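Asks:
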Amino acid sequence: MTGSKTTKRKTAPKNLVIVESPAKAKTIGKYLGRNYKVLASKGHVRDLPKSRMGIDFENDYQPTYISIRGKGETIKELKKAAKKAQQVYLAADPDREGEAIAWHVAHLLDLNLEDQNRVVFNEITKEAVKGAFKTPRSVDMNLVDAQQARRILDRLVGYSISPILWQKVKKGLSAGRVQSVALKLVIEREQKIKEFKPEEYWTLLAHFQATTVRSKFAANFYGLKQKKTPLHSQAEVQKVLQQINRQEKFTVTKVTRKERKRYPAGPFTTSSLQQEANRKLNFKTRKTMMLAQQLYEGINLGGRQGSVGFITYMRTDSTRISHGAHQEAQDFLKTNYGSEYTAPRARQVKNPEGAQDAHEAIRPTSILRTPESVQKLLTRDQYRLYNLIWTRFMASEMAPAVLDTMGVRLEQGEVQFRASGSKIKFPGFLKLMPPDSKTKDNLLPDLEEGQEVKLLDTNPEQHFTQPPARFTEAALVKSLEENGVGRPSTYAPTIDTIQRRYYVKLNGKSFEPTELGTIVDHLIEEYFPDIIDIDFTAHLETELDEIEVGKQKWTTVVDEYYQPFSKELEAADSQIEKLQIKDEPAGIDCEVCGAPMVIKLGRYGKFYACSRFPDCHYTQAIMKEIGVQCPKCSQGQVIERKSKKNRLFYGCSRYPDCDFVDWNKPVGRNCPKCQHYLVDKKVKGGRQVICPNGDYEEEIQK
């Protein structure tokens, strides 16, 4: 009998684990071992149908869910694996959306909803994942119902108002609960800017010299006769100057010395991360959440370590930190900075009203993975975001900075000036997060009460009050959060939607409403006032939170919202007249057929089009001239243009025959030193005319 090879038969895994994403599946699969098979649902597997409302109004708003188109193979794979497994675990993300995904998967696989098969973890590390599988629970139907209520309400609003907008305004428009409020905020801010009337005011800065220590310092005019006196005109400034005797000295009448503590900001929530990433890294909210998802789901460390999650779950509005994370941070700080830099006790940060405290704040899963140690493992943008998260969390665990502050009051007759200064006595968390210009040392001489100082000069300066700034992404996220509209996880898709619909456009980093956005907002405000009522929308978010904790039935909340809304729908459908967005004459002729051109409003703004459309399809972009001749060819005009990333720059109207471009706006004059063209450049404190080719500059334009 000849020898034969015996082959080991692979035993099928006893347990099936279902998560949302392939990246997450790959990471946790390495932690669980061969008895577990981990598959990804790749997001939701069931949803409301796209072609119809999908809500049964006669049966308590029960939704009709169908398998999502394109998910057939994924569902087939999940069902096949579930039949072979002894136990199926649902390990979607630990929030309402994740709970709903788990619930939908359970329905498709015909699982018992009372089974203890739901596993949640706040961070994807070996310890957290294995610990979670020791304490599974059943699917939380309160969380599912909260998600269902939001989904159904959004469907009711979107699928009811959008057809009216298509019929009365133009095809492709949409309306939604949160996006309508976001649009309203942008439009209201623009209205305030238009209505703003600047008011003149003056400041009076004086320079003094302390004669005993030969030290110079500056102080600002405070007031007359011990009262704060605003300066509204040059005449008022002159009255003050006339009361000052330049031959006499000022007396130091009061010196206040205090020790002040400056505390670090708390660790990131979803909203504060979106805001800070937008401000410091220029990331859009969608990009921030995409990168945070990657850091949460796992980065490959190589070798035996494999993939590991770098940060805790990134959809949270809690500022709570676990005891273990706090202790790890304190140990790291003692070793690397010294015990004096550690927080004396765990910081008690009060969560905002209505915040969900199911998860911790966003923090690194391991403090030992410093940004520098993992930089080579991350993409440039992943590293920048991780560095932001790591630094913010570590700073929040450090001692406060201690500042020595000094305030001085100077008087001569009825005239009073005041000066303040500060010195960093102990840097605390500023050791890790270097201070900004407001916190850097601003020293005053060591003055004493009764001491006399010499007035060197005065510098009166005219100013005008400025209108409120337009919303940046960070500012819009902050405003939505402060007003209790939506939840942090909804901000990125909301902001993306109002841009894709061309309701708002970005001018630099700031949002401007478009003509189309203004029309849509006006219609919704007139016929559906509750939709864009901030208090009403915020109250609805509170009710969704109450559903989540079992205090409200989701069908009751939906019904209370829909009943008045349905009456508004009936009125709107009969009362709104069809709007004609008329084409404006362009004043030029078509280069193809010679017919007059018109200005049309399209998805991405206004453009020139032939009036004979559809017989003639010729179109042309609208060029905005700035009234300056091209400094390179002297034939074309300088026009405003937009880069692929929507950044404004300036180029020649004769492009591609002339390739002149500049990020800064040419002013139409040449440098008196080298004859290079001058540009208007944004600088700290305003704008400045400079020569890009040399050191010539003109005074900042006020």
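Last residue of the sequence shown: 1340 in my numbering, with the numbers rising by one and none dropped. Glycine is no exception: its CB is placed at the ideal position from the N, C-alpha and C atoms. Predicted model, so just to flag it, every value in this text is computed and none were measured.
Please name the residue in Ser-945, Ala-1057, His-997 whose C-alpha comes closest to that of Ser-960.
Replies: His-997
Asks: Is the region 926 to 940 touching the region 1016 to 1035, taking contact as three or more C-beta pairs under 8 Å?
Replies: yes
Asks: Could you give the distance in angstroms between the alpha-carbon of Ile-762 and the alpha-carbon of Thr-1103?
Replies: 50 Å
Asks: Would you give the residue range spanned by the beta strand (DSSP E) that Glu-1357 belongs to?
Replies: The chain is shown only over 639 to 1340; residue 1357 falls outside these bounds and no answer can be derived.
Asks: State the beta-bridge partners of Arg-775 as determined by DSSP.
Replies: In the DSSP secondary-structure assignment, Arg-775 is bridged to Arg-756.
Asks: Go ahead and label Cys-1231 buried or exposed: buried means 16 or more other beta carbons lie within 10 angstroms of its beta carbon, across all protein chains shown.
Replies: exposed
Asks: Rounded to the nearest angstrom, what separates Lys-1244 and Lys-1147 at their Cα positions?
Replies: 20 Å
Asks: Report the partner residues of Asn-1145 according to the DSSP bridge assignment.
Replies: Looking at the DSSP output, Asn-1145 bridges to Ser-1148.
Asks: What ranges does the beta strand (DSSP E) occupy inside the region 876 to 917, keeping only unbroken runs of at least 3 residues that lie completely in it?
Replies: You should have 888 to 900.
Asks: What are the residues that DSSP puts in a beta bridge with Cys-1248?
Replies: Cys-1248 is bridged to Met-1235.
Asks: When burial is assigned at 16 or more other CB atoms within 10 Å of the CB, is Arg-1030 buried or exposed?
Replies: buried
Asks: According to DSSP, is Arg-924 part of a helix, a strand, or is it coil?
Replies: DSSP places Arg-924 in the helix class (H, G or I) of the three-state scheme.
Asks: Nearest-angstrom Cα distance between Arg-672 and Leu-654?
Replies: 11 Å
Asks: May I ask you to report which of helix, strand or coil DSSP gives Gly-1188?
Replies: Three-state result, Gly-1188: coil.
Asks: For a minimum of 3 consecutive residues, which ranges assigned as the beta strand (DSSP E) are wholly contained in the region 1147 to 1182?
Replies: 1148 to 1151
Asks: Among Pro-1294, Ala-1233, Arg-1285, Ser-1291, whose alpha-carbon lies nearest the alpha-carbon of Trp-1301?
Replies: Arg-1285
Asks: Do Tyr-1165 and Ala-1130 count as a contact pair if the criterion is CB distance below 7 Å?
Replies: no
Asks: Please report the distance separating the alpha-carbon of Lys-1063 from that of Leu-1041.
Replies: 5 Å
Asks: How big is the Cα-Cα spacing for Gln-1213 and Tyr-797?
Replies: 19 Å
Asks: If Phe-1067 sits next to Pro-868, beta carbons under 8 Å apart, how far is it from one beta carbon to the other, in whole angstroms?
Replies: Not really, about 36 Å apart at Cβ, beyond 8 Å.
Asks: Quick check: the region 871 to 880 against the region 831 to 843, are there 3 or more CB pairs under 8 Å?
Replies: Three or more beta-carbon pairs separated by less than 8 Å link the region 871 to 880 to the region 831 to 843, which places the two stretches in contact.
Asks: Evaluate contact between the region 853 to 862 and the region 1044 to 1063, counting only Cβ atoms and requiring at least three cross-stretch pairs below 8 Å.
Replies: yes
Asks: Give me whichever residues DSSP pairs with Phe-1102 in a beta bridge.
Replies: Glu-838
Asks: Buried or exposed: Thr-849, going by 16 or more other Cβ atoms within 10 Å of its Cβ?
Replies: exposed
Asks: Kindly give me the distance between the Cβ atoms of Tyr-699 and Asp-1197, rounded to whole angstroms, as I take these residues to be in contact under 8 Å.
Replies: That belief holds up - the Cβ atoms of Tyr-699 and Asp-1197 are roughly 7 Å apart, short of 8 Å.
Asks: Can you tell me where the beta strand (DSSP E) with Ser-1058 in it begins and where it stops?
Replies: 1053 to 1064
Asks: Which residues in the same chain as Ala-720 place their Cβ atom closer than 7 Å to its Cβ, once the five residues preceding and following it in sequence are excluded?
Replies: So the qualifying residues of the chain are Leu-654, Val-726, Leu-747.
Asks: In chain order, what residues of the same chain lie with their CB nearer than 7 Å to the CB of Phe-948, ignoring the 5 residues before and after it?
Replies: Leu-933, Ile-937, Pro-1002, Thr-1003, Arg-1007, Tyr-1024
Asks: Can you tell which of Gly-1051, Asp-783, Lys-1061, Glu-658 has its C-alpha closest to the C-alpha of Glu-1184?
Replies: Asp-783
Asks: Between the alpha carbons of Asn-1331 and Ile-1277, how many angstroms are there, rounded?
Replies: 21 Å
Asks: At 3 residues or longer, and completely inside the region 721 to 758: list those beta strand (DSSP E) runs for me, N to C.
Replies: 725 to 728
Asks: How many angstroms separate the CA atom of Ala-981 from the CA atom of Glu-897?
Replies: For Ala-981 and Glu-897, the distance between alpha carbons rounds to 18 Å.
Asks: One question on the structure: do Glu-1163 and Ile-1172 come within less than 7 Å of each other, judged by their Cβ atoms?
Replies: no
Asks: Considering Cα atoms alone, identify which of Val-1091, Gly-1122, Ile-1133 is closest to Asp-955.
Replies: Gly-1122
Asks: Gly-1306: which of Asp-1295, Cys-1296, Val-1327, Phe-1287 sits nearest, CA to CA?
Replies: Comparing Cα-Cα distances from Gly-1306 to each of Asp-1295, Cys-1296, Val-1327, Phe-1287, the minimum goes to Val-1327.
Asks: Pick from Ile-656, Ala-1247, Cys-1290: whose alpha carbon is nearest that of Ile-1264?
Replies: Cys-1290
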